[in-house]
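Residues 32 to 236 in this note's numbering are what the sequence shown lists, from first letter to last.
Just below is one structure, and these are the notes that go with it.
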Amino acid sequence: YVRHEQTIPPADLIILPGSKNVGFDLCWLRDQGWEKAIQRHLRYGGKVIGVCGGLQMLGQHIHDPQGVEGKPASYAGLGLLELETTLQVAKQLTNRKGYLAGQESVAVSGYEIHVGISQGEALESPAVYLEGQPDGAISADNQIMATYLHGLFDTPEALSSLLGWAGLDKVEIFDVAALRERQLERLADMLEANLAVDFLLESVC
Numbered sequence: 032y033v034r035h036e037q038t039i040p041p042a043d044l045i046i047l048p049g050s051k052n053v054g055f056d057l058c059w060l061r062d063q064g065w066e067k068a069i070q071r072h073l074r075y076g077g078k079v080i081g082v083c084g085g086l087q088m089l090g091q092h093i094h095d096p097q098g099v100e101g102k103p104a105s106y107a108g109l110g111l112l113e114l115e116t117t118l119q120v121a122k123q124l125t126n127r128k129g130y131l132a133g134q135e136s137v138a139v140s141g142y143e144i145h146v147g148i149s150q151g152e153a154l155e156s157p158a159v160y161l162e163g164q165p166d167g168a169i170s171a172d173n174q175i176m177a178t179y180l181h182g183l184f185d186t187p188e189a190l191s192s193l194l195g196w197a198g199l200d201k202v203e204i205f206d207v208a209a210l211r212e213r214q215l216e217r218l219a220d221m222l223e224a225n226l227a228v229d230f231l232l233e234s235v236c
């Protein structure tokens with residue numbers, strides 16, 4: 032994670048995550064000097080993945096005519112993908128399953144939660160297929176990938192494939208779900224060892 036007033040370190044892959052206020056976060060990103068850093072990263076052959084709000088930022092413009100995230104406004108995107116997004120009041124919230132484009136054996140699963148519809152030529156080269164429908168984009172030079180799917184990295188096969196795409200030579204299978212489950216079990220064990228769990232349960236039941 033790169034935080035406020037930090038510089039983007041040398042990396043093979045930059046991930047632009049989701050955002051609850053895309054226009055504000057895009058302006059904030061620029062104020063950090065990260066737009067030029069991302070452009071430099073791409074010039075030297077680096078890869079970029081945008082997820083949800085990150086996808087919207089990678090496009091040409093973000094339009095908010097109804098003031099969904101504040102005052103009605105339009106924002107210039109990073110201009111790295113040929114697409115534009117118009118924010119809408121209705122929020123899309125859907126569980127989705129599918130596979131990476133060109134790799135039907137590499138499953139992905141997760142959810143979409145966003146306001147806005149994206150349109151443009153970039154979407155003609157999708158990043159994933161969800162329930163048979165194309166989603167997101169891959170740039171013509173294969174350096175940029177974008178999708179609305181949260182959970183893109185959660186299956187071991189997808190994570191390994193994406194790390195390989197980013198340039199990792201030897202990719203080990205890494206099960207994110209199993210790691211998450213182990214961490215939750217550790218947390219549960221710690222709470223059980225240090226709290227009167229039975230008393231708390233009786234108090235709330």
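Think of the CB as a built atom: it goes at the ideal place given N, C-alpha and C, for glycine as much as any other residue.
Computed from a predicted structure; not experimentally measured.
Rounded Cβ spacing between residue i and residue j (contact assumed at less than 8 Å)
i, j, result
"Phe-162", "Arg-127", "Looking at the sequence shown, residue 162 is not Phe but Glu. Rounded, the Cβ-Cβ distance is 7 Å, consistent with contact."
"Ala-132", "Tyr-160", "6 Å"
"Ser-191", "Val-207", "Contact doesn't hold; Cβ gap of about 11 Å is too wide."
"Gly-108", "Ile-93", "6 Å"
Buried versus exposed, by CB contacts within 10 Å (16 or more), residue i
i, result
"Ile-204", "exposed"
"Ala-227", "exposed"
"Trp-65", "buried"
"Tyr-25", "Since the first and last residues shown for the chain are 32 and 236, residue 25 lies out of range."
"Asp-56", "buried"
"Val-79", "buried"
"Leu-124", "exposed"
"Ser-234", "exposed"
"Ser-149", "buried"
Backbone secondary structure at residue i - three-state DSSP
i, result
"Glu-216", "helix"
"Pro-48", "coil"
"Gln-70", "helix"
"Val-82", "strand"
"Ala-158", "coil"
"Asp-166", "strand"
"Gln-87", "helix"
"Leu-193", "helix"
"Leu-210", "helix"
"Leu-57", "helix"
Within-8 Å CB hit, residue i to chain B
i, result
"Glu-162", "Judged by its chain identifiers, the structure shown contains no chain B, having just a single protein chain."
Residues near residue i in its chain [Cβ-Cβ closer than 7 Å; skip 5 each side]
i, result
"Gly-147", "Gln-87, Thr-116, Thr-117, Leu-118, Gln-119"
"Gly-141", "Arg-127, Leu-180, His-181, Gly-182, Leu-183, Asp-185"
"Thr-178", "Val-82, Leu-86, Ala-158, Val-159, Asp-166, Gly-167"
Sheet register partners of residue i (DSSP bridge)
i, result
"Val-139", "Gly-129"
"Glu-115", "His-92, Gln-150"
"Ile-39", "For Ile-39, which the question treats as bridged, DSSP gives no partner whatsoever."
"Thr-178", "Val-82"
Own chain partners of residue i with C-beta closer than 6 Å, once the 5 adjacent residues on each side are dropped
i, result
"Gly-49", "Val-82, Cys-83, Gly-84"
"His-46", "His is not the amino acid found at residue 46; the sequence shown has Ile there. Closer than 6 Å at the Cβ level, and outside the excluded window around Ile-46, lie Ile-80."
Chain-order list of residues whose beta-carbon lies under 8 Å from that of residue i (same chain, five-residue window excluded)
i, result
"Leu-154", "Leu-114, Pro-165, Gly-167, Ala-168"
"Asn-5", "Residue 5 lies beyond the residue range present for the chain, which begins at 32 and ends at 236; the question has no answer from this structure."
"Ala-171", "Ser-156"
"Gln-97", "Pro-103, Leu-118, Gln-119, Val-120"
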